[in-house]
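Enquirer:
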Amino acid sequence: MDELGLNKLFAGFLFAGLLLLSGVQLGNILVPKQKLSENAYVIEVAETSQTTEIKKADDLPKPILALLASADLGAGEKLAKKCTACHAFGSDGKAKVGPALWNIVNKKKGADSNFKYSAALTAHGGAWDYQSLNAFLAKPKDYISGTKMNFAGLKKPVDRANIIAWMREQADEPVALPTTEEIAAENKQ
85 MDELGLNKLF AGFLFAGLLL LSGVQLGNIL VPKQKLSENA YVIEVAETSQ
135 TTEIKKADDL PKPILALLAS ADLGAGEKLA KKCTACHAFG SDGKAKVGPA
185 LWNIVNKKKG ADSNFKYSAA LTAHGGAWDY QSLNAFLAKP KDYISGTKMN
235 FAGLKKPVDR ANIIAWMREQ ADEPVALPTT EEIAAENKQ
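Each step along the sequence shown adds one to the number in my numbering, with nothing skipped, and position 94 is 178.
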């Protein structure tokens with residue numbers, strides 16, 4: 085192709101672009117944009133207050149008390165490495181984006197004075213026992229609606245058991261493992 089052919093090709097693209105722009109402007113003149121005074125489709129949303137109700141037994145994740153005795157602490161530690169971006173696990177750990185989790189098992193919820201918890205978690209009350217940790221780690225936002233923790237959760241009960249067993253060991257004096265009576269009671273729920 086010679087120079088004149090390239091010029092014609094370039095002029096053709098330029099003309100097509102100008103034609104497109106003028107078509108858009110003509111469309112805006114013929115059909116001007118209007119702001120709606122109200123939405124065309126009204127979507128009714130029931131007003132809810134932030135509640136921190138404990139889920140029904142049907143909604144709770146699978147029980148893990150029986151899995152704690154045989155939990156893999158190495159796998160739990162490996163899973164906890166994902167959490168270290170936001171949490172400290174050492175005895176001298178300071179709060180990061182999330183609270184320090186040293187000695188967390190059976191600790192009162194929202195008890196770390198060095199961290200500002202969400203109002204939902206503070207109002208929830210109770211202690212971080214095995215069942216609470218299981219439900220929270222399964223899906224934090226389902227367990228405590230309004231929590232600031234942005235974590236999707238651990239789907240596998242074995243993963244939750246492993247990390248909870250590992251967190252149990254991160255304490256001055258680890259709490260006792262569940263008794264056979266507690267395991268049997270959890271399985272009946």
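For each residue, glycine too, the CB sits at the ideal point set by N, CA and C.
(1) Are the beta-carbon atoms of Ala172 and Lys165 separated by less than 8 Å?
(2) Whole angstroms are fine: how far does the CA of Gly111 sit from the CA of Leu105?
(3) Could you spell out the range, first to last residue, of the alpha helix (DSSP H) harbouring Leu98?
(4) Give, in chain order, every unbroken run of the alpha helix (DSSP H) that is at least 4 residues long and sits entirely within the stretch 133-213.
(5) Going by CA-CA distance only, name the one from Trp186, Leu149 and Gly209 that's closest to Cys167.
(6) Run through DSSP, which three-state label would Glu241 get?
(7) Mind checking which residues open and close the alpha helix (DSSP H) that includes Tyr125?
(8) Look at Pro147 and Asn271 and say whether their C-beta atoms are less than 8 Å apart.
(9) For Gln254, name the three-state secondary structure that DSSP assigns.
(10) Considering Cα atoms alone, identify which of Asp226, Thr231 and Leu217 is closest to Arg275.
(11) Among Asp176, Lys119 and Ala159, which one has its Cα closest to the Cα of Ala255?
(12) Quick one: residues in its chain with C-beta nearer than 8 Å to the C-beta of Asp213, no 5 flanking neighbours on either side, listed in chain order?
(13) With a Cβ-Cβ cutoff of 8 Å, do Ile228 and Leu152 count as a contact?
(14) Could you tell me how far apart the beta carbons of Pro241 and Pro145 are, in whole angstroms, since I believe they sit closer than 8 Å?
(15) Roughly how many whole angstroms lie between the Cα atoms of Asn91 and Gln109?
(16) Buried or exposed: Tyr201, going by 16 or more other Cβ atoms within 10 Å of its Cβ?
(17) Round the Cβ separation of Lys193 and Ala219 to the nearest angstrom and send it over; I've been treating them as touching at under 8 Å.
(18) Kindly indicate the opening and closing residues of the alpha helix (DSSP H) around Ala236.
Expert: Working from what's here:
(1) Against the sequence shown, residue 172 aligns to sequence position 88. Against the sequence shown, residue 165 aligns to sequence position 81. It is not a contact, given that the beta carbons lie outside the stated cut-off.
(2) Against the sequence shown, residue 105 aligns to sequence position 21. Against the sequence shown, residue 111 aligns to sequence position 27. Rounded to the nearest angstrom, the two C-alpha atoms are 10 Å apart.
(3) Numbered from its first residue, the sequence shown carries residue 98 at position 14. Start and end: Glu87 to Leu114.
(4) 149-152, 157-164 and 203-208
(5) Taking the sequence shown and counting its residues from 1, the one referred to as residue 167 is at position 83. The option with the nearest alpha carbon to Cys167 is Trp186.
(6) The residue labelled residue 241 in the question sits at position 157 within the sequence shown. At residue 241 the sequence reads Pro, which differs from the Glu that was named. Correct three-state label for Pro241: helix.
(7) As a first step, residue 125 is located in the sequence shown; it is residue number 41 there, counting from the start. Careful: Tyr125 lies outside any alpha helix (DSSP H) and carries neither H nor E.
(8) By 1-based counting over the sequence shown, the position of residue 147 is 63. By 1-based counting over the sequence shown, the position of residue 271 is 187. Going by C-beta atoms, Pro147 is nearer than 8 Å to Asn271.
(9) Numbered from its first residue, the sequence shown carries residue 254 at position 170. Note: Gln254 maps to coil in three-state DSSP.
(10) It is not possible to answer for residue 275, since the shown part of the chain is limited to 85 through 273.
(11) By 1-based counting over the sequence shown, the position of residue 255 is 171. The shortest Cα separation from Ala255 among Asp176, Lys119 and Ala159 belongs to Asp176.
(12) By 1-based counting over the sequence shown, the position of residue 213 is 129. Same-chain partners within the cutoff: Val189 and Asn190.
(13) As a working mapping, residue 228 is identified with position 144 in the sequence shown. As a working mapping, residue 152 is identified with position 68 in the sequence shown. Cβ distance not < 8 Å, so Ile228 and Leu152 don't count as in contact.
(14) Taking the sequence shown and counting its residues from 1, one reaches residue 241 at position 157. Taking the sequence shown and counting its residues from 1, one reaches residue 145 at position 61. Contact holds; Cβ gap of about 7 Å.
(15) Residue 91 sits at position 7 when you count from the first residue of the sequence shown. Residue 109 sits at position 25 when you count from the first residue of the sequence shown. Between Asn91 and Gln109, the C-alpha separation is close to 27 Å.
(16) As a first step, residue 201 must be located in the sequence shown, where it is residue number 117. Buried, by the Cβ-count rule.
(17) Your numbering for residue 193 matches position 109 in the sequence shown. Your numbering for residue 219 matches position 135 in the sequence shown. Incorrect: roughly 12 Å between the Cβ atoms, too far for contact.
(18) By 1-based counting over the sequence shown, the position of residue 236 is 152. Unbroken run through Ala236: none, as it is neither H nor E.
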